[in-house]
Amino acid sequence: MSVVGYTYQAENLCPSCTLKVMRASGITVQRGKAHEDAIRRAAQKLNIDFDDQHAYDSGDFPRPITKQQCETELTEVPDSKPGVRHAISDERCTGAKCGKWLVLGEKSPTEAGLIRWVRDEYELPQALARAIARKLREWGLSHPEFITEDNIREAAVMSPHDYATVHADIGHERAVNHALVRTPQCDGDPCFYCEQPWEKHVFTCETCGIDVPADAAHAHQEQVKGQLKFSQARPTT
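For the sequence shown, the working numbering assigns the number 48 to the initial residue and increments by one for each residue that follows.
Encoded structure:
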């Protein structure tokens with residue numbers, strides 16, 4: 048079984064952080080060796096049966112975590128039914144300033160990095176990619192390894208964005224190109240970004256800044272230069 052981390056002093060740690068905490072706790076750990084060999088050698092010096100995890104407490108000495116044991120539970124993932132927990136088969140290191148995924152052996156990208164990945168991977172506008180990335184992080188989905196296209200579409204539906212659909216455009220010499228069109232071409236024409244029809248979209252009003260459903264009545268009366276305001280108008284005689 049592949050060891051990806053250790054449970055030690057009430058924390059789940061990556062190998063590197065485990066060695067640091069052991070040394071900080073006064074346990075001598077040989078440098079320059081693979082973590083499993085170094086920790087096993089340290090156990091032998093302390094007369095600990097490292098192969099029998101019931102023979103010692105994880106508060107005193109690290110217990111190995113295998114790849115098969117890693118699982119982080121999330122609660123609000125869009126492809127889950129209400130109240131159903133969705134599991135990610137990995138665990139984060141809880142060491143100070145670490146946060147590596149134990150199985151992946153790396154951290155999640157920064158918020159800016161995740162935005163870039165969403166934008167480039169799914170060919171989305173920057174503003175929509177930013178909104179989707181923030182929603183994904185709210186759901187606990189911060190690494191591309193755990194993000195599906197369904198997650199992206201669900202987050203897009205919940206984020207106001209411009210409508211666009213893809214249609215074939217026949218150019219010179221009958222060459223067929225696919226182009227983004229900003230208005231629906233037929234009933235139920237799906238949006239390229241979220242796969243929902245135009246009527247299901249929510250748009251942000253540029254005048255007042257509030258989010259408005261596409262099929263809702265919403266208008267503003269603008270003052271034209273030279274026009275009297277209604278309160279200033281007087282009836283003619």
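Backbone N, C-alpha and C define an ideal beta-carbon position, used for all residues, glycine too.
- Across the structure, Glu58 and Thr65 are spaced so that their CA atoms are roughly 9 angstroms apart.
- Assignment of beta-bridge partners to Asp104 by DSSP yields no partner.
- Taking a contact as a CB-CB distance under 8 angstroms, the pair Ser189 and Ser155 counts as one, their CB atoms being some 4 angstroms apart.
- Across the set Arg132, Asp107, Pro111 and Pro125, the C-alpha of Arg132 shows the shortest separation from the C-alpha of Thr119.
- Burial is judged here by how many other beta carbons sit within 10 angstroms of a residue's own beta carbon; Glu138 has at least 16 and is buried.
- Annotation for Gly160: the continuous alpha helix (DSSP H) segment containing it runs Glu158 to Tyr169.
- By the CB criterion at 8 angstroms, Ala180 and Leu161 fall inside the cutoff.
- Straight-line measurement puts the Cα of Val249 at about 45 angstroms from the Cα of Gly52.
- Distances from the CA of Val213 to each of Arg110, Gln173 and Cys241 were compared; the closest alpha carbon is that of Cys241.
- Arg139 sits in a strand when the DSSP states are folded into three classes.
- By the criterion of a C-beta distance shorter than 7 angstroms, Arg200 is surrounded in its chain by Cys241 and Glu242, once the five residues flanking it on both sides are discounted.
- Secondary structure at Pro260: strand, using DSSP grouped into helix, strand and coil.
- Under the three-state reduction of DSSP, Pro62 is assigned to helix.
- By the neighbour-count criterion, in which 16 or more other beta carbons inside 10 Å mark a residue as buried, Cys255 falls on the exposed side.
- Counting along the chain, no beta strand (DSSP E) covers Leu183; the unbroken alpha helix (DSSP H) around it starts and ends at Gln173 to Glu185.
- The secondary-structure analysis by DSSP pairs Val50 across a beta bridge with Thr113.
- Between the alpha carbons of Gln232 and Asp262 lies a gap of roughly 17 angstroms.
- For Ala211, the number of other beta carbons within 10 angstroms of its own is at least 16, and it is reported as buried.
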